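Participant: Residue 0 is where the sequence shown starts when you use numbering that gives the first Met the number 0, and the numbers rise one by one after that.
Here a beta-carbon is modelled for each residue, glycine too, at the ideal position from N, C-alpha and C.
Just so you know, these numbers come straight off a predicted model, no measurement behind them.
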Amino acid sequence: MIRVAIRHRFAAVALELGFEAPATGATALFGPSGAGKSSLVAAIAGLLRPDEGHVEVNGEVLSDTARRVWVPPERRRLGLVFQDARLFPHLSVGSNLRYGLRRAGRRDGIGFDDVVGLLGIGGLLGRRPHTLSGGERQRVAIGRALLSQPRLLLLDEPLASLDAALKAEILPYLVRLKGLGLPMIYVSHVLEEVVQLADTLVLLEGGRTVAAGPLDVLMARGDLALAGRDNAGSVVRMRVARHDRPRRLSLLAAGDLQLWVPLQALEVGAAVRARVPAREVILATEAPHGISVHNVVRGRVRAITEIAAQHAALVEVAVGETALLARVTPDAVARLGLAPGVPALALIKSMTVDVLAE
């Protein structure tokens with residue numbers, strides 16, 4: 000487990016932040032600018048010595064102010080990647096990467112060739128940082144951090160300085176990193192990045208921790224400010240159950256939930272994430288006829304949260320062990336007689352489901 004709790008006062012803000020997360024997969028620290036994300040990462044890395052705090056990774060305490068424990072940053076075995084790559088400009092890409100190996104002082108972890116292949120930077124080894132694109136520099140920075148053989152990888156908004164095209168280029172490489180089994184803490188204020196990468200979500204706002212837990216659980220909660228965003232929606236871990244090639248459709252399944260989506264170039268059994276935008280979910284109490292919607296999902300209303308400022312209601316529909324989030328009008332809630340415990344149908348167009356490969 001990763002356990003972090005800090006209290007720290009800056010001149011303009013007081014932070015009281017903390018979370019617990021599995022030491023596997025990716026944990027995203029998500030929130031607006033000024034929420035405390037980077038300060039929390041700095042405390043984990045040992046770059047910020049908080050007024051009060053405790054940092055623990057897999058049972059090893061890296062800092063604890065109450066017990067006067069403080070492991071210096073260079074001995075924490077943490078890999079850190081910032082918004083800017085911070086590569087050594089006078090060294091080639093290969094030499095920048097080997098610096099990470101020298102810093103590690105050990106060779107029993109991920110190897111040089113493995114990192115180069117994983118990040119697709121084999122053709123860059125002889126070049127200098129100033130000749131690289133922003134995405135290439137970040138991939139090299141990630142590689143250098145990996146070769147330091149860290150127990151935990153910290154990524155502080157590594158895509159913030161990149162345009163949309165470069166972000167789309169590098170995100171798949173970050174997803175591939177999860178195959179190493181190395182835990183990551185990923186800082187972002189962009190929901191699309193978090194949805195694609197995170198397994199655990201920590202919501203921060205105004206220097207406080209609002210909520211923490213599995214990504215799919217928090218994304219389906221209508222009572223969190225996250226659900227009020229225009230791009231909010233539920234995220235469900237699913238598998239490709241089968242392909243219907245004549246209809247050009249694929250069926251995704253997770254427990255009681257099944258979703259038809261456009262035909263996917265994935266093998267049956269492949270793990271995916273299905274993202275269903277809340278604004279695209281239509282609710283009904285009776286099965287419709289003669290419509291184009293492929294997915295009519297039976298569930299039960301779990302909770303309803305009204306957002307008065309948006310003249311909207313967020314309805315959580317439980318489907319077995321999973322849940323879908325729908326954004327509708329308060330009038331629709333009243334007309335359908337929706338309330339916690341009431342059966343409901345969620346109508347979802349196949350074309351509105353985003354399918355992200357794990």
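Determine which residues share a DSSP beta bridge with residue 237 and list them.
Facilitator: Within the sequence shown, the letter at position 238 stands for residue 237. Residue 237 pairs with 271.
Participant: Taking the alpha-carbon positions, what's the residue 92 to residue 130 distance?
Facilitator: What you label residue 92 is simply residue 93 of the sequence shown in a count that begins at 1. What you label residue 130 is simply residue 131 of the sequence shown in a count that begins at 1. Distance between the alpha carbons of residue 92 and residue 130 is about 10 Å.
Participant: State the DSSP-derived secondary structure class of residue 175, mapped to helix, strand or coil.
Facilitator: On the sequence shown, position 176 is the one that residue 175 refers to. The answer is helix: DSSP assigns residue 175 an H, G or I state.
Participant: Just to confirm before moving on: does the CB-CB distance between residue 276 and residue 212 stay below 7 Å?
Facilitator: Walking along the sequence shown from the start, residue 276 turns up at place 277. Walking along the sequence shown from the start, residue 212 turns up at place 213. No; because the gap between Cβ atoms is not below 7 Å, this pair is not in contact.
Participant: Residue 153: which of 334, 27, 316, 332 sits nearest, CA to CA?
Facilitator: Taking the sequence shown and counting its residues from 1, one reaches residue 153 at position 154. Of 334, 27, 316, 332, the residue nearest in Cα terms is 27.
Participant: For the segment 200-240, which segments carrying the beta strand (DSSP E) assignment without a break, of at least 3 residues, lie completely within its bounds, in sequence order?
Facilitator: Listed in chain order, they are 207-213.
Participant: Let me know the secondary structure DSSP gives residue 111 once reduced to three states.
Facilitator: The residue labelled residue 111 in the question sits at position 112 within the sequence shown. Helix.
Participant: Runs of 4 residues minimum, wholly inside the segment 113-151: which ones carry the alpha helix (DSSP H) assignment?
Facilitator: Complete alpha helix (DSSP H) runs here, min 4: 133-146.
Participant: The beta strand (DSSP E) with residue 59 in it runs from where to where?
Facilitator: In the sequence shown, counting from the first residue as 1, residue 59 sits at position 60. Element bounds for residue 59: 59-63.
Participant: Do three or more CB pairs link the segment 275-292 to the segment 343-350 at distances below 8 Å?
Facilitator: Yes, the segment 275-292 is in contact with the segment 343-350.
Participant: Have a look at 230, 169, 236 and flag the residue whose alpha-carbon is nearest the alpha-carbon of residue 199.
Facilitator: Within the sequence shown, numbered from 1, the residue matching residue 199 stands at position 200. The residue with the shortest Cα to Cα distance from residue 199 is 236.
Participant: Hey, how far is the Cα of residue 139 from the Cα of residue 155?
Facilitator: Taking the sequence shown and counting its residues from 1, one reaches residue 139 at position 140. Taking the sequence shown and counting its residues from 1, one reaches residue 155 at position 156. If I take the Cα positions, the gap works out to 15 Å.
Participant: Comparing alpha-carbon positions, which option in 308, 312, 331, 298 lies nearest residue 323?
Facilitator: In the sequence shown, residue 323 corresponds to position 324, counting from 1. Taking only the C-alpha atoms, the option nearest residue 323 is 298.
Participant: Residue 262 and residue 251 - do their beta-carbons sit closer together than 7 Å?
Facilitator: The residue given as residue 251 occupies position 252 in the sequence shown. The residue given as residue 262 occupies position 263 in the sequence shown. No, the Cβ-Cβ distance between residue 251 and residue 262 is not below 7 Å.
Participant: Under 7 Å, do residue 42 and residue 49 count as touching if we go by C-beta distance?
Facilitator: Your numbering for residue 42 matches position 43 in the sequence shown. Your numbering for residue 49 matches position 50 in the sequence shown. Contact: yes.
Participant: Check this for me: beta carbons of residue 296 and residue 318, under 7 Å apart or not?
Facilitator: Within the sequence shown, residue 296 is the residue found at index 297, counting from 1. Within the sequence shown, residue 318 is the residue found at index 319, counting from 1. The answer is yes: Cβ separation under 7 Å.
Participant: Would residue 360 pass as a contact of residue 287 if the rule is Cβ separation under 7 Å?
Facilitator: With the chain covering 0 to 357 only, the question about residue 360 has no answer from this structure.
Participant: Just to confirm the assignment, what range does the beta strand (DSSP E) spanning residue 295 have?
Facilitator: For the purposes of this step, residue 295 is taken as residue 296 along the sequence shown, with counting starting at 1. 294-306 is the extent of the beta strand (DSSP E) around residue 295.
Participant: For the alpha helix (DSSP H) that contains residue 40, what are its first and last residues?
Facilitator: Working through the sequence shown from its first residue, we reach residue 40 at position 41. 36-44 is the span of the alpha helix (DSSP H), which, as asked, contains residue 40.
Participant: Can you give the Cα-Cα distance for residue 108 and residue 180, rounded to whole angstroms?
Facilitator: Walking along the sequence shown from the start, residue 108 turns up at place 109. Walking along the sequence shown from the start, residue 180 turns up at place 181. If you take the alpha carbons of residue 108 and residue 180, they lie about 11 Å apart.
Participant: Once you ignore the five residues that flank residue 70 on each side, which residues in its own chain have a CB closer than 6 Å to its CB?
Facilitator: As a position in the sequence shown, residue 70 is number 71, starting the count at 1. Closer than 6 Å at the Cβ level, and outside the excluded window around residue 70, lie 61.
Participant: Kindly indicate which three-state DSSP category residue 364 falls into: helix, strand or coil?
Facilitator: No statement about residue 364 is possible, as the shown extent of the chain runs from 0 to 357 and does not include it.
Participant: For a cutoff of 7 Å on Cβ pairs, would you count residue 326 as touching chain D?
Facilitator: In summary, chain D is missing from the structure at hand, where a single protein chain is found.
Participant: May I have the straight-line CA-CA distance separating residue 51 from residue 67, to the nearest angstrom?
Facilitator: Taking the first residue of the sequence shown as position 1, residue 51 is located at position 52. Taking the first residue of the sequence shown as position 1, residue 67 is located at position 68. One C-alpha to the other measures close to 10 Å.
Participant: Give every residue of the same chain whose Cβ lies closer than 6 Å to the Cβ of residue 37, excluding the five residues on either side of it in the sequence, and list them in chain order.
Facilitator: Residue 37 sits at position 38 when you count from the first residue of the sequence shown. Counting only Cβ-Cβ distances below 6 Å, and skipping sequence neighbours, we find 155.
Participant: Hey, how far is the Cα of residue 184 from the Cα of residue 128?
Facilitator: The residue labelled residue 184 in the question sits at position 185 within the sequence shown. The residue labelled residue 128 in the question sits at position 129 within the sequence shown. For residue 184 and residue 128, the distance between alpha carbons rounds to 25 Å.
Participant: Helix, strand or coil for residue 0? Go by DSSP, reduced to three states.
Facilitator: Indexing the sequence shown from 1 puts residue 0 at position 1. Note: residue 0 maps to coil in three-state DSSP.
Participant: For residue 97, which of 16, 84, 112 has the nearest alpha-carbon?
Facilitator: Within the sequence shown, residue 97 is the residue found at index 98, counting from 1. Ranking the options by Cα distance to residue 97, first place goes to 112.
Participant: Does DSSP put residue 334 in a helix, a strand or coil?
Facilitator: Taking the first residue of the sequence shown as 1, we reach residue 334 at position 335. Residue state, collapsed to three classes: helix.
Participant: What number of angstroms, rounded off, separates the C-alpha of residue 57 from the C-alpha of residue 19?
Facilitator: Indexing the sequence shown from 1 puts residue 57 at position 58. Indexing the sequence shown from 1 puts residue 19 at position 20. The straight-line gap from Cα to Cα measures roughly 11 Å.
Participant: Go ahead and label residue 285 buried or exposed: buried means 16 or more other beta carbons lie within 10 angstroms of its beta carbon, across all protein chains shown.
Facilitator: For this step, residue 285 is matched to residue 286 along the sequence shown. Answer is exposed; the Cβ neighbour count stays below 16.
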